[in-house]
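Trainee: Just dropping this structure here.
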Amino acid sequence: MASEQPGAPEPGARHRSTTAGSDAAHAPRPASGALTRTGGFLCGFTHTLQPYIGCSFGCAYCYVQGLQVHRFHQPPLEWGAYAHPRTGIADKLRRELLRLQKKGALGGCSIFMSSATDPYQPAERTWRLSRACLEVLGATPPGLVVVQTRSPLVRDDFALLHALGAHAWLSVTLETDDEAVRRALTPRCPSLAQRVTLIEQAQDAGLNVQIAVSPCLPLRDVEGFGAQLLKLAGARGRVVVDSYVAGDGQGGRRTAATATPALHAAHAWADWRDQQQPHALHAWLQQRMGDRVGWSQAGFAVLPALLAAEAQAAGERR
Ligand code: SF4
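Residue numbers for the sequence shown follow our numbering, so the first one is 126 and each next one is one higher.
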C-alpha cells in the first residue's frame with residue numbers, strides 16, 4: 126500500500142542508477158517534521174507518518190514511483206534502491222502531538238503509517254524509528270493510528286500496538302494467494318506464508334487487524350483465497366480489497382508507468398487493468414463479512430470514519 130498525493134507530470138526521464146550499495150542510498154535524512162496532512166487517496170485520515178524515505182521492498186507496482194518524493198530524489202536511483210531513515214522523527218512527532226493536544230485536536234487525529242514507505246522494511250531493524258514513533262504515540266495517543274506493513278518485523282512491536290488498544294490497527298498487506306505471482310512482482314518482500322503467520326500471531330496477540338489485498342494481484346482461486354481471508358480476519362478483523370486501477374490514485378495511469386503491465390504480459394496473466402478478480406473477491410467476502418470488508422479508498426477510509434462518528438456521538442452526549 127502506498128498512495129498519497131497526486132504529483133505533477135513526469136518532467137522527462139532521468140537516468141537512474143540501480144546501485145543501492147552506496148552510502149548515498151541509505152544515508153540518514155533528519156526529519157524536518159513528522160506528520161503530513163493527507164489528501165487524495167487517504168483523505169479519510171488526517172495525517173500520514175513516514176519514518177523512512179524510499180522503500181527497499183521495491184514492489185514493481187508501487188505508486189510511490191510516480192510521486193514527487195521519488196521522481197525528485199537525489200541522487201537519481203531506481204525505486205527500491207534507497208531507504209533513508211528520517212532521524213529525529215520521534216522527537217518531531219512528540220512536539221506535534223502535544224501541539225494537537227493543546228488545541229484539543231488530538232482525539233480527532235487519525236494517522237496512516239505509512240503511505241510512501243513500509244515502516245517495517247529491513248532498515249527498521251537498525252534504526253527502530255517506527256518503534257520510537259509508536260512509543261511517542263503510546264504516550265500521547267491520537268484518535269487512531271493504522272500501521273500498514275507487509276513485514277513480520279512488526280512483531281517486535283506488538284506490545285506497543287497492544288498498549289494503544291482501540292486507538293491502533295495493524296493492517297497487513299496480502300495481495301495474492303499465489304507465491305509465484307508474489308515472487309514475480311515483489312521479489313524482495315516477505316513470502317505470503319510469513320505474512321499469513323504474522324496475521325495469525327497478531328490475532329492471537331489481541332491486536333485490531335486489517336488485511337489489505339492492495340492491490341489485488343492475479344489469484345489462483347478467488348473463493349479459496351476468500352475463505353482464507355475470512356478465516357484470518359476472524360470475528361473482528363477487517364479486509365480491504367483494491368485494484369491497480371482503483372487504488373493507484375490516478376485511475377491506473379501510475380501503474381501503467383511501472384513494470385507491471387510488462388510483467389503481466391510476460392507471465393500471460395490477465396490484463397493488468399482487468400478488475401474481474403478483485404471485484405469477485407470483494408463480492409464473495411461482502412456476502413460473508415458485510416461491512417467488515419471494504420473496497421479501495423472507501424474501504425481504507427472506514428476506520429477514520431468510525432472515529433469521526435464516535436467523536437460526534439460523544440459530543441452530542443455531552
Ligand atoms: S512495501 Fe509499500 S511502499 Fe514499499 S515498495 Fe512495496 S508498495 Fe511501495
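Even glycine gets a Cβ: it sits at the ideal position worked out from N, Cα and C.
Predicted model only: the values in this text are computed from it and were never measured.
If we call anything under 7 Å between Cβ atoms a contact, is ARG154 one with ILE178?
Mentor: Going by C-beta atoms, ARG154 is nearer than 7 Å to ILE178.
Trainee: Could you tell me the distance, in whole angstroms, from the CA atom of ARG211 to the CA atom of GLN175?
Mentor: 8 Å
Trainee: Residue ranges of each alpha helix (DSSP H) run of no fewer than 4 residues wholly in the stretch 320–408, ordered along the chain?
Mentor: 347–358, 369–372, 378–381, 385–391
Trainee: Any heavy atom of the ligand SF4 closer than 6 Å to the CB of PHE166?
Mentor: no
Trainee: Just to confirm the assignment: which complete beta strand (DSSP E) runs, minimum length 3, are found wholly within the stretch 172–250?
Mentor: Fully enclosed beta strand (DSSP E) runs of no fewer than 3 residues occupy 172–174, 177–179, 208–210, 235–238 of the stretch 172–250, in order along the chain.
Trainee: Counting along the chain, where does the alpha helix (DSSP H) carrying ARG442 start and finish?
Mentor: 427–442
Trainee: Could you give the DSSP three-state label for ARG154: helix, strand or coil?
Mentor: DSSP places ARG154 in coil when its eight states are reduced to three.
Trainee: Mind checking which residues open and close the alpha helix (DSSP H) that includes SER255?
Mentor: 254–264
Trainee: Who are the near neighbours of GLY146 in its chain, counting only those whose CB is closer than 6 Å to its CB and skipping five residues on each side?
Mentor: With a pLDDT of 49 at GLY146, under the threshold of 50, the predicted position of this residue should be treated as unreliable, though the coordinate-derived value follows. Contacts found: none.
Trainee: Looking at the ligand SF4, does it come within less than 6 Å of THR163, judged from the CB to the closest heavy atom?
Mentor: no
Trainee: Could you check the C-alpha separation between SER421 and PRO429 for me, to the nearest Å?
Mentor: 14 Å
Trainee: Would GLY191 and ALA382 qualify as a contact pair, given that the criterion is a beta-carbon distance under 7 Å?
Mentor: In this structure, ALA382 lies closer than 7 Å to GLY191 by Cβ.
Trainee: Considering only residues of the same chain and omitting the five flanking positions on each side of PRO315, which have a CB-CB separation below 7 Å?
Mentor: ARG275, SER276, PRO277
Trainee: Any heavy atom of the ligand SF4 inside 6 Å of the beta-carbon of VAL189?
Mentor: yes
Trainee: Leaving out five residues on either side along the sequence, give the residues of the same chain with a beta carbon under 7 Å from the beta carbon of GLY169.
Mentor: PHE425, ALA426, PRO429, ALA430
Trainee: What do you reckon, is the C-beta of PHE182 under 6 Å from a heavy atom of the ligand SF4?
Mentor: yes
Trainee: Take PRO340 as the anchor and find which of ARG379, ALA433, ILE214 has the nearest alpha-carbon.
Mentor: ARG379
Trainee: Let me confirm a value: ASP243 is counted as buried when at least 16 other C-beta atoms fall within 10 Å, else exposed. Which label applies?
Mentor: By the neighbour-count criterion, in which a residue is buried when 16 or more other Cβ atoms sit within 10 angstroms of its Cβ, ASP243 is buried.
Trainee: Would you say THR242 touches the ligand SF4, meaning its beta carbon is less than 6 Å from a heavy atom?
Mentor: yes
Trainee: What three-state label does DSSP hand LEU160 in the structure shown?
Mentor: strand
Trainee: Write down every uninterrupted run of the beta strand (DSSP E) in the stretch 286–310 whose length is 3 residues or greater and which is fully enclosed by it, in chain order.
Mentor: 293–298
Trainee: So, under 8 Å CB-CB, LYS227 and GLY158 are touching, yes? Tell me the CB distance rounded to an integer number of Å.
Mentor: That belief does not hold up - the Cβ atoms of LYS227 and GLY158 are roughly 17 Å apart, past 8 Å.
Trainee: Residues in its own chain within less than 6 Å of ALA405 by CB, not counting five upstream and five downstream?
Mentor: VAL347
Trainee: Among ALA288, ALA215, LEU388, ASN333, which one has its Cα closest to the Cα of GLN273?
Mentor: ASN333
Trainee: Could you tell me the alpha carbon to alpha carbon distance between TRP409 and ASP281, rounded to whole angstroms?
Mentor: 34 Å
Trainee: Exposed or buried, which one is ALA395 when buried takes at least 16 other CB atoms within 10 Å?
Mentor: exposed
Trainee: Counting beta carbon pairs with one atom in the stretch 286–294 and one in the stretch 319–336, are three or more of them shorter than 8 Å?
Mentor: yes
Trainee: Mind the definition here: the stretch 251–266 touches the stretch 195–203 only if three or more C-beta pairs lie below 8 Å; say whether that holds.
Mentor: no
Trainee: Only counting the same chain, and skipping five residues up and downstream in sequence, which positions put a Cβ closer than 6 Å to that of LEU259?
Mentor: ASP282, LEU285
Trainee: Is the beta carbon of GLY374 closer than 7 Å to that of PHE166?
Mentor: For the pair PHE166 and GLY374, the CB atoms are nearer than the 7 Å cut-off.
Trainee: Alpha carbon to alpha carbon, how far is ALA257 from ALA391?
Mentor: Rounded to whole angstroms, ALA257 to ALA391 spans 42 Å at the Cα level.
Trainee: Can you tell me whether DSSP reads GLY424 as helix, strand or coil?
Mentor: helix
Trainee: For LEU410, which beta-bridge partners are listed by DSSP?
Mentor: DSSP lists no partner for LEU410.
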